[in-house]
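Protein chains in written order, with my numbering: chain A, 1271 to 1337; chain B, 546 to 816.
We treat Cβ as the ideally placed atom computed from N, Cα and C, and that holds for glycine.
Note that the structure is predicted; figures quoted are calculated from it, not measured.
Remarks on the structure that follows.
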C-alpha cells in the first residue's frame, strides 16, 4: 500500500511539476501575487506576462547548464 | 470570432499531437502482434473514455467558473511552459527531436518479444493491453483539453468538434498509411501547442486570480503572438550558445568536416 502510494505520488509529481520545479513554483507564486494585487484593487493582468518573460529564460538556462 | 478560432486551433492542434501518439501505439500493436486484438483494445478504450466523458462532463460544468479558471489556468500554464521549454530546447539543438519513427520501432521490437496468449475477440492480450493503455492515456489528455478549454470559453461544443476532427483526421491518416505518421511535423506542432497552452493558461490563470484583461477575450489575440515572438527569439539566442545548432554548425565548418552527426537531421527534421 505504501509503495503504491509512493509511486502514485511520484507519477502525480511528474505529471504536474515535470522537469523543472522552478516553473511550477514560479507559476503558483505568480498566481498568488496576482490574487493579492487584485484583492488590493490594483490592476494585476500584467504580472503573469512579466513573470513569463523572466521564468522561461531562467528555466531554459537551467536546462542548458544541466546538459 | 477571433477567440473562437483561437480556441478551435488550440484544441485541434493539442488533440492532433495526442492522437498521433495514440495512433503510433495502436499501429505498433497491430503490426507487430495482432490487428484484431489491437482493434478490440482501441474499441474498449474508446468505450471507457465515453463513460469518463459522461461522468466528468457535467461535473466540470458544475464547478464555479472562477475556481475552474484558476485551477485550469495554473495547470495549463505549467503544462504549456513544460511543452514550450522542451520545444525551444529541441528547435535550438539542445535536445533531441521527438521521433515518431524510432518510437514506433521501439514499440514494435518490444511488442514482438512478448509471448502471445488469448482467445476469441482477443487472440493476443498483449496487443489488446498495449492498444487499450495507449488510447486511454492519450484519450484522457484529449478529454481534459476539450472539457477545460470548452468550459472556460463557454463553448464545449466547439472544443469537442475540434477534438473529434483531430482524432478523425489522424486516425484516417494512420489507417491509410498503416505506418507511423512520420510526416506530421510533430515538433513544430508541439512548439505551437506550447505557445497556445501558455497563452490560454496565462489568460485564465490571471482571470481566475481576480485580474481583468484589457479588451477581455481579445487580449488572447495579443498574448498568443507575443509569446510566439518571445519563444522564437529565445530559440535564436540558444542556437548561438555552445551546444546549439548554429554553434555546432560553425564548429563543424571550422573543423572542415561538414556538419556534425545529428545536426543536419535536427535542422531539417520535423520541427
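Do residue 742(B) and residue 618(B) come within 8 Å of each other at the CB atom, strictly closer than that value? no
Which chain A residues sit within Cβ distance under 8 Å of residue 747(B)? In chain order: 1318, 1319 and 1322.
Whose CA, out of 650(B), 622(B) and 680(B), lies closest to the CA of residue 583(B)? Nearest C-alpha to residue 583(B): 680(B).
C-alpha gap between residue 563(B) and residue 687(B), whole angstroms: Rounded to whole angstroms, residue 563(B) to residue 687(B) spans 7 Å at the Cα level.
Please list the terminal residues of the continuous alpha helix (DSSP H) segment that includes residue 611(B). If you look at residue 611(B), you'll find it in the alpha helix (DSSP H) that goes 610-636.
Selection of the stretch 749-777 of chain B by Cβ proximity to chain A, strictly under 9 Å: 750, 751, 752, 753, 754, 755, 756, 757, 758, 759, 764, 768, 771, 772, 775 and 776
To the nearest whole angstrom, what separates the beta carbons of residue 629(B) and residue 740(B), a pair I think is in contact under 8 Å? 6 Å
How would you label residue 802(B), buried or exposed, when you count the other beta carbons within 10 angstroms and need 16 or more for buried? Low local confidence applies: a pLDDT of 42 at residue 802(B) is under 50, so the model's placement there is unreliable, with the coordinate-based value given in what follows. Exposed, since its Cβ has fewer than 16 Cβ neighbours within 10 Å.
On the DSSP letters alone, give me the boundaries of the alpha helix (DSSP H) that residue 1282(A) sits inside. 1272-1286
Ignore the nearest five residues each way along the sequence and tell me which others in residue 1323(A)'s own chain have a CB closer than 6 Å to its CB. none
Expressed to the nearest angstrom, what Euclidean distance is found between the alpha-carbon atoms of residue 1336(A) and residue 588(B)? Going from the Cα of residue 1336(A) to the Cα of residue 588(B) covers about 42 Å.
Does the distance from the C-beta atom of residue 590(B) to that of residue 702(B) stay below 8 Å? no
Quick check on residue 611(B): buried or exposed, where buried means 16 or more other Cβ atoms within 10 Å of its Cβ? exposed
Does DSSP put residue 565(B) in a helix, in a strand, or in coil? helix
Using CA coordinates, which residue listed in 785(B), 780(B), 787(B) and 602(B) is at the minimum distance from residue 631(B)? 780(B)
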